[in-house]
Amino acid sequence: MITRPVAGAPRPYRFPDFDHQRLDNGLGVWLVPLPDRELVSIHLLTDAGAASEDEEHAGIAALTAQLLVTGTERLDASAFAETTERLGIEVGSESSWDSARAGFTALGSKLDDGLALLAEMLRTPRLDPGEFDRLKSERLNDILQARADAGRLADESFLREMFADDVPYGRISAGRPETIETLTVDDARAFHAGHYAPNVADIIIAGAITPDLTREAVERHLGDWEGTAPTHRTFEPVQRGGRRVVLIDRPGSVQSELRVGHLGINRHDPRYFPAMVMAALLGGVFGSRLNLRLREELGYTYGARSSFDPRRATGPFIASAAVQTEVTVDAIRELIGQLERIRESQPDEAELAEVRDFLVGVFPLRFETTSGIASAIEPLAVYDQRHDWWQRYRANLETVGASDVHRVARELVRPDEALILVVGDASTLRADLEAAELGPLEVVSTT
Amino acid sequence: MAQVPIQRHLLDNGLRVVLSRDPRAPLVAVNLWYDVGSKHEKAGKTGFAHLFEHMMFQGSANVEKGQHFSLVQAAGGTLNASTWLDRTNYFETLPGHELELALWLEADRMASLLPAMTQEKLDNQRDVVKNERRWSVDNQPYGSWDEKMQALVYPVGHPYHHSTIGSMEDLSAASLEDVQDFFATWYAPNNAVLTVAGDFETDEALAMIERHFGLIPANASLPAPPDMTVDSLLGEEVRETVADQVPLPRIYLAHRIPVFGTDAFDALDVAADILGAGRASRLYANLVREQQVAQDASVFVFPIVGGASMFALWVTARPGVSIETLEAATLAELDGLASRGPSDADLERVNNLHAAHVAGMLERISERADRLSMYTCLFDQPERINEETSRWTAVDADRVTDALRASLRPENRVTLTYVPAEAAS
């Protein structure tokens, strides 16, 4: 048999060059020409995410973003959908905590028409009362559906139970039913008027473009966009209590959805790179410790993972798995055991090298598509990251050593403070969880 | 639309090789389709093709358990595999200079999987797959729909009657001997297609392929393909209602249709997008936006080749809307399109959406490689990848109407309705 081959010489790769300018009205314009592509991706970002809404109106950022695609002053919902889709363009519009994003990917030949429609949508949306009411009830129905889905119920419950009461992150960014119920189209109109403005917006265009012509087109469609908006509010998340166990009863479940975690890091944390390497080693790749132990050795689950969710403010750190009901307590112990183990000692060089080499080596693959490249520019626009972020990215990963991983693990992984959240059948699980003494137990009924 | 370059080769042992060079990015995709899927499973062995796919990652003569993943990932690559009704595919995408690593790994398990197989590994992966089933089917709202739909659309004994994930009982019964038999029967070079797409030098790649795969013996006695024969129409309307832990009722409809690769299938693929793709689609515009009887709607065809394929859709009821109202509104849209046919605007819309979708798909070398393997494995025609859009634009209104009238008939329809358990009596 032939022995394992030795790799040839790598071909150099660098993140594509891009141009960044600001129009007189404050709009940031990022152009990434990729001359050998057929497609073009436009991402228009606005500082109008959930971090820009006040808590009484939680959910208005998401609804406003969605409402944008239901027409303009000139074109009603039906005509707007028809006009864009006949160009082969499906316009998306959504929001997260830190921004709202509207855009599309289309054949390069449709760029001008598409850009004109996108600009019209942002500047003169119809914000129709009937469409608002429809989207609002669809959102409420979706939350209802999500609560029947063990995984989505666990995700939502973890945020509510882990963050302290007054922390906005204690909910999904789409809002909560209690506040969504009270929202009206006037709230959406006020949110659009107050938060969609060029001084807090950036447009990223990547793909089959001629920069001079594209810049002119942006100037033509968005250069006379007026108005100013405030930036997002700021807050510092805190956790609710220390180590405890919350069991969300979902009768009849044949698996338990586990979410174990606590506060993580924010987007600007100086430990960002060692934290990424550590999280990958613990639960970010197939060969991570959590997946190898819970899946490949014990067969408890189809997959176990862990990750940080860094936002402008401190987001969560979560380890998760869906395990068969019978092994729930053992699986929690194993999972906690891996969180303790990564704090106890440095990873050996071989294990670290495998993960680091993956993160470094997979770099070009992440930027195979025009939308992948446009997405990569987003953190530069949203978080004001250095323009050479991606040029330095691989070097930043390569310098992470075993002692760095160990240090950030001791600082950022804290099983003693972790919330252990279980969505499963309480009639089967309650006694075992009590006996296991993993922390004070609270059982939440969902019926 | 740019043409995907295609070079075909055939090794002496029957391995079909497709090369598609594209040096724009320093990346290469390796993709293997084995012509074996859940349709090849015997009675009492449902789910085995998929369980076997998991065993392919448990090591081979020169590769330790887990090493397939760790070597590819350490090289900066991604990888996975999947099993479906007609086939099983395995794929890696990695930096171009690591091409030979992927070829070596794939060849090692094609040539010499069995020395690495143990009862312990089988028991472990059986548990993993059972948890995959719990996660995707048993603990999931509406999770049983495709399993139930296949059982209703295809008669008992037909190879598509059972699902790819299989039953818990059959998974429990799988033995190490089954692993040996399945490997010896199906995992041979003359039952596979190997595609390499992306950044490579053709002569070098061919030499590597010959070196790693050339000596793997063919299976001289590949079994005859399973008998997929089935009537083109169901012959009667079939209805089933399922009480499940779901807040909102949902209706699934399915019809037997001509198989993937036929002109009629293309016409129905176009019809599915007219009905279900985008906010200007018939179901979204009329049921979700105008009448507001549906929370969401989805329409699709199954790209499968044995006997009959499926045209399927689902619609979820808005609270307070009766199942009867939703069903009537949905059927009115199907009937309306079948009787009056699509407009020029409908066809222009879905053709342009499809062209953008195809361009997006072919932007990724992994997807290009997978489709080249697919067209070679199913039709022995990799060049079909360059007809993705022309086959669509060739569909006119008459072809859509004819195909819908032939297949979307009441006596060819399965209606599977999920209702909230507490509301069921």
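Residue numbers (numbering that gives the first Met the number 0), protein chains in the order written: chain A, 0 to 446; chain B, 0 to 424. Think of the CB as a built atom: it goes at the ideal place given N, C-alpha and C, for glycine as much as any other residue. Bear in mind that the values here come from a model prediction, so they are computed numbers and not experimental data.
*Go ahead and label Gln254/A buried or exposed: buried means 16 or more other beta carbons lie within 10 angstroms of its beta carbon, across all protein chains shown.*
buried
*Those runs of the alpha helix (DSSP H) which lie wholly inside the region 70-140 of chain A and span at least 4 residues*: 76-85, 110-122
*Where Ala423/B sits in the DSSP three-state scheme*: No answer about Ala423/B holds up, because its pLDDT of 48 lies below 50 and its placement is not dependable.
*Could you give the C-beta distance for Ile203/A and His42/A, rounded to a whole number, given that I count them as a contact under 8 angstroms?*
5 angstroms
*Identify, in the order they occur along the chain, each residue of the same chain with its Cβ nearer than 8 angstroms to the Cβ of Tyr12/A, setting aside the five sequence neighbours on each side.*
Phe362, Pro363
*Provide the residue span of the beta strand (DSSP E) that contains Tyr283/B, from first to last.*
Here Tyr283/B belongs to no beta strand (DSSP E), and DSSP marks it neither H nor E.
*asked:* Val27/B and Asp198/B - do their beta-carbons sit closer together than 7 angstroms?
replied: yes
*Residues of its chain near Val276/A, where Cβ-Cβ distance is below 8 angstroms and the 5 sequence neighbours each way are ignored*: Leu351, Val354, Arg355, Leu358, Leu396, Val399, Asp403, Val404
*Determine which residues of the region 382-393 of chain B have a Cβ less than 7 angstroms from any Cβ of chain C, and write them out in chain order.*
Absent from the structure is chain C; the protein chains it does hold are A and B.
*Assess, as a yes-or-no matter, whether the region 114-124 of chain B is touched by the region 172-182 of chain B under the definition of 3 or more beta carbon pairs within less than 8 angstroms.*
yes
_Distance cutoff 7 angstroms, beta carbons only. Does Tyr392/A sit that close to anything in chain B?_
no
*Step through the CB atoms of chain A and report whether any lies within less than 7 angstroms of the CB of His96/B.*
yes
*State the DSSP-derived secondary structure class of Gln380/B, mapped to helix, strand or coil.*
coil
_Rounded straight-line distance, which links the Cα of Arg100/A to that of Trp389/A_ = 21 angstroms
_Only counting the same chain, and skipping five residues up and downstream in sequence, which positions put a Cβ closer than 7 angstroms to that of Glu339/A?_
Pro414
*Closer than 8 angstroms by beta-carbon distance: list the chain B residues that pair up with Tyr195/A, in chain order.*
None at all; the shortest Cβ gap to chain B is about 21 angstroms.
_In the DSSP output, which residue or residues are listed as bridge partners for Gln66/B?_
In the DSSP output, where bridge partners are listed per residue, Gln66/B has none listed.
_Please list, in chain order, the residues of the region 238-269 of chain A that have any C-beta partner in chain B closer than 7 angstroms._
Gly251, Ser252, Val253, Gln254
*With which residues is Thr315/B paired in a DSSP beta bridge?*
Arg249/B, Asp295/B
*Could you confirm whether any beta carbon from chain A is found closer than 7 angstroms to the beta carbon of Phe378/B?*
no
*Mind pulling the chain B residues with CB within less than 7 angstroms of Phe357/A?*
Gln72, Ala73, Gly75
_C-beta neighbour in chain B for Ala61/A, strict 7 angstroms_ = no
*Run through DSSP, which three-state label would Tyr33/B get?*
strand
*Own chain residues within Cβ distance below 6 angstroms of His49/B, not counting five before or after*: Thr82, Thr163
*Tell me, which residues are paired with Phe316/A by DSSP?*
His261/A, Phe307/A
_Cβ shell of Ala252/A (< 8 angstroms), same chain only, five flanking positions each side left out_ = Looking at the sequence shown, residue 252/A is not Ala but Ser. Excluding residues within five positions, the ones whose Cβ falls inside 8 angstroms are Ala149, Thr324, Val422, Gly423, Asp424.
*Within chain A, partners of Thr92/B - CB distance below 7 angstroms*: Leu364
*Report all residues from its chain with a CB closer than 6 angstroms to the CB of Pro22/B; omit the five preceding and five following residues, and keep chain order.*
Asp198
_Opening and closing residue of the alpha helix (DSSP H) in which Thr392/A lies_ = Here the sequence assigns Tyr to residue 392/A, which means Thr is not the residue at that position. Note, Tyr392/A: alpha helix (DSSP H), 388-397.
*Under 9 angstroms between beta-carbons, which chain A residues line up against Val245/B? List them in chain order, please.*
Gln144, Ala147
_Using 8 angstroms as the cut-off, can you tell me whether the region 288-295 of chain A makes contact with the region 220-237 of chain A, which would need three or more C-beta pairs spanning the two stretches below that distance?_
no
_Distance between beta carbons of Leu336/B and Ala396/B, contact taken as under 8 angstroms_ = With 8 angstroms as the limit, Ala396/B and Leu336/B do not qualify as a contact, their Cβ atoms being about 10 angstroms apart.
_Close-in-space but distant-in-sequence residues of the same chain around Leu134/A (CB under 8 angstroms, 5 per side omitted)_ = Leu62, Gln65, Leu66, Thr69
*Could you check if Arg125/A is buried or exposed, using at least 16 other CB atoms within 10 Å of its CB as the buried criterion?*
buried
*Under 7 angstroms between C-beta atoms, does Asn290/A make it to chain B?*
no
*Is it right to say Leu193/B is buried, meaning 16 or more other beta carbons lie within 10 angstroms of its own, or is it exposed?*
buried
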